[in-house]
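Let me begin by presenting the structure, written as structure tokens, before commenting on it.
Chains as they are written, first to last, in the working numbering: chain E, 1 to 268; chain U, 1001 to 1268.
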């Protein structure tokens, strides 16, 4: 902070000009100057922190409201902001709220009970959390590395997102059929099943993964096609939970869909 | 804060037990106790403020991500939060960001130039700001009163939202046709035109207002129908800006739509 050092030096020289003053008053003046400079430095730091906080909150809003163009990584100045959000209470608050809202809606839906009432869940950052992986990769600052991420997936140790687990149980108990619609590849069917069961998920009706012909499609197109097929088969998709807008938009959109928070990555 | 008073009394009695101590040490102890209690009270207050901040930020995210069931007014505990956001820099940051993002997208679109390339703007809280009205009505805490709001509309003094004005000018200069699609009633056509022109808007192609048969429709249905009609007439709706999800969802959804922030009210 050379700016403040300059001010201290300038004001020290200024105080020197009044050297006819008593020793005590000079010390007092110098102390005041140093304190002033230190306080100003603290104030400037606080202003900068507030500025970054405002900018990154605004960025996160733009993510959650689907206002941003496709983005490949989080803004560098928001790394600590995203880390604090994901590891602090903010993320938990948001997860709990979306799960509770979805629960209120699920209980309000009248089911026909013919086995065609469906709730769709995405998997990553919806039922399973990859936060342990992203914590090791800058919370979204690093460009996505599919090889490294696959290694993580193949460990099968992703924890459950607790609030989603609560919703999952409720939706099942209300009589919905649950379909899991994930962007993961078909070759990860076994490890995904293993991981889901290990952390408590059970009794889903279908687990739909990307086949080889789906791999080049955007998630928006792939997931829309899968929903279209379900509608053609006579299913009524009544609820949809996902952390990406590409889980929720496109065709065969549900009456109510629930956007879980995710400021770490974007899938088109 | 009787809890703290109790602590002070308890600790004062505790200090009294050590009355064989010198006068100075008793004063010191009492001062420390009072300071401790005051500090704890300040800490508790700070915790409560932080808690409300977290809860209301989470609520605002749920609004902007379209996760909430229809709501009639803002949560009572969030009045100050919403006021601070709307009158502070947060709202401006968010408005600027959505306008900039929309501008980036608008410049990237290849127009056919046959007079059928359209950008839709909503009016209230998109081009015109009703913040002066809502500031007088609890920033969304009061249940919406259509008579009072109509009185405000009929004054024709709503200011422009500057960042939207910037986008509006850019979109026009790029060659888009601009359609204004508002939930306002047809009987407010003249005053709405007057207000828009007074604050600088110009050269729109169409201003669509609710006719008497539209008045009972939800905004989602009414706006979808109007977009459908435009598509049938051969228009390509390339961009859409609105502060409500009912401006943007439904049928004939655009490739990119832009959700302006609005934590004050919800229109289904």
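In this text, a Cβ means the ideal position worked out from N, Cα and C, and glycines have one as well. Small disclaimer: the values here were computed from a predicted structure and weren't measured.
Query raised in the report: So residue 197 of chain E is in the alpha helix (DSSP H); what residue range does that whole segment cover?
Result: 189-198
Requested in this report: Return the first residue and the last residue of the beta strand (DSSP E) that residue 178 of chain E is part of.
Outcome: 177-185
Query - Within chain E, partners of residue 1154 of chain U - CB distance below 9 angstroms - result: The premise fails here: residue 1154 of chain U is roughly 31 angstroms from chain E at the closest Cβ pair, so nothing lies under 9 angstroms.
Query - Nearest to residue 98 of chain E (by Cα), restricted to the options E/241, E/35, E/160 - result: E/241
Query - Reference residue 224 of chain E; option with closest CA among E/185, E/120, E/140, E/40 - result: E/120
Query raised in the report: Which of helix, strand or coil does DSSP assign to residue 130 of chain E?
Result: coil
Query raised in the report: According to the Cβ coordinates, are residue 191 of chain E and residue 156 of chain E closer than 9 angstroms?
Result: Residue 191 of chain E places its beta carbon less than 9 angstroms from that of residue 156 of chain E.
Query raised in the report: Does DSSP classify residue 1144 of chain U as helix, strand or coil?
Result: coil
Query - Exposure of residue 1228 of chain U, with buried meaning 16 or more beta-carbon neighbours within 10 Å - result: Answer is exposed; the Cβ neighbour count stays below 16.
Requested in this report: With residue 1096 of chain U as the anchor, note down where its alpha helix (DSSP H) starts and where it stops.
Outcome: The continuous alpha helix (DSSP H) containing residue 1096 of chain U extends over residues 1089-1108.
Requested in this report: Using three-state DSSP, classify residue 160 of chain E as helix, strand or coil.
Outcome: strand
Query raised in the report: Would a check of beta-carbon distances place residue 22 of chain E closer than 9 angstroms to chain U?
Result: Low per-residue confidence applies at residue 22 of chain E: pLDDT is 40, beneath 50, and the placement is therefore not dependable, though the value from the model is reported in the following sentence. Residue contact with chain U for residue 22 of chain E: absent (no Cβ-Cβ distance below 9 angstroms to any residue of chain U).
Query raised in the report: Which two residues bound the contiguous beta strand (DSSP E) that contains residue 117 of chain E?
Result: 117-121
Query - Boundaries (first-last residue) of the beta strand (DSSP E) holding residue 1257 of chain U - result: 1256-1259
Query raised in the report: Taking DSSP as the reference, what is the three-state secondary structure of residue 1208 of chain U?
Result: Strand, per DSSP.
**Report entry** Cβ contact check for the region 1173-1182 of chain U and the region 1140-1156 of chain U: 3 or more pairs under 8 angstroms
**Finding:** no
Query raised in the report: Alpha carbon to alpha carbon, how far is residue 84 of chain E from residue 162 of chain E?
Result: 19 angstroms
Query raised in the report: Since residue 69 of chain E meets chain U, which of its residues come closer than 7 angstroms, beta carbon to beta carbon?
Result: 1101, 1104, 1105
Query - Sequence-distant residues of its chain with Cβ nearer than 6 angstroms to residue 263 of chain E (five each side left out) - result: 60, 63, 82
Report task. Taking only beta-carbon positions, decide if residue 55 of chain E is within less than 9 angstroms of chain U. Result -> Cβ-Cβ to chain U under 9 angstroms: yes for residue 55 of chain E.
Query raised in the report: To which residues of the same chain is residue 200 of chain E closer than 8 angstroms at the C-beta, ignoring the five residues directly before and after it?
Result: In chain order, 160, 165 place their CB closer than 8 angstroms to the CB of residue 200 of chain E, counting only its own chain and leaving out the 5 sequence neighbours on each side.
Query raised in the report: Can you tell me whether residue 1244 of chain U is buried or exposed, with buried defined as 16 or more other CB within 10 angstroms of its CB?
Result: buried
**Report entry** residue 1261 of chain U: contacting residues in chain E (beta-carbon distance under 8 angstroms)
**Finding:** Those within 8 angstroms of residue 1261 of chain U in chain E are 61, 65.
Report task. Determine whether the Cβ of residue 1072 of chain U lies closer than 9 angstroms to any Cβ atom of chain E. Result -> no
Requested in this report: Could you tell me whether the Cβ atoms of residue 1249 of chain U and residue 1125 of chain U are closer together than 9 angstroms?
Outcome: no
Query raised in the report: Which chain B residues are close to residue 89 of chain E, counting only those with a beta carbon under 8 angstroms from its beta carbon?
Result: No chain B appears in this structure, whose protein chains are E and U.
Query - Per-residue DSSP class, three states only, for residue 1039 of chain U - result: If DSSP states are grouped into helix, strand and coil, residue 1039 of chain U belongs with the helices.
**Report entry** Partners in chain E for residue 1094 of chain U, counting only beta-carbon separations shorter than 8 angstroms
**Finding:** 58, 61, 62
**Report entry** Alpha-carbon spacing of residue 183 of chain E relative to residue 1112 of chain U, whole angstroms
**Finding:** If I take the Cα positions, the gap works out to 35 angstroms.
Report task. Answer with yes or no whether the minimum CB distance from residue 199 of chain E to chain U is below 9 angstroms. Result -> Any Cβ of chain U closer than 9 angstroms to the Cβ of residue 199 of chain E would place that residue at the interface, and such an atom is absent.
Requested in this report: Note down the Cα distance separating residue 122 of chain E from residue 1154 of chain U, rounded to an integer number of angstroms.
Outcome: 48 angstroms
Report task. State the Cα-Cα distance for the pair residue 103 of chain E and residue 238 of chain E, rounded to the nearest angstrom. Result -> 12 angstroms
**Report entry** Where residue 1066 of chain U falls: helix, strand or coil (DSSP)
**Finding:** coil
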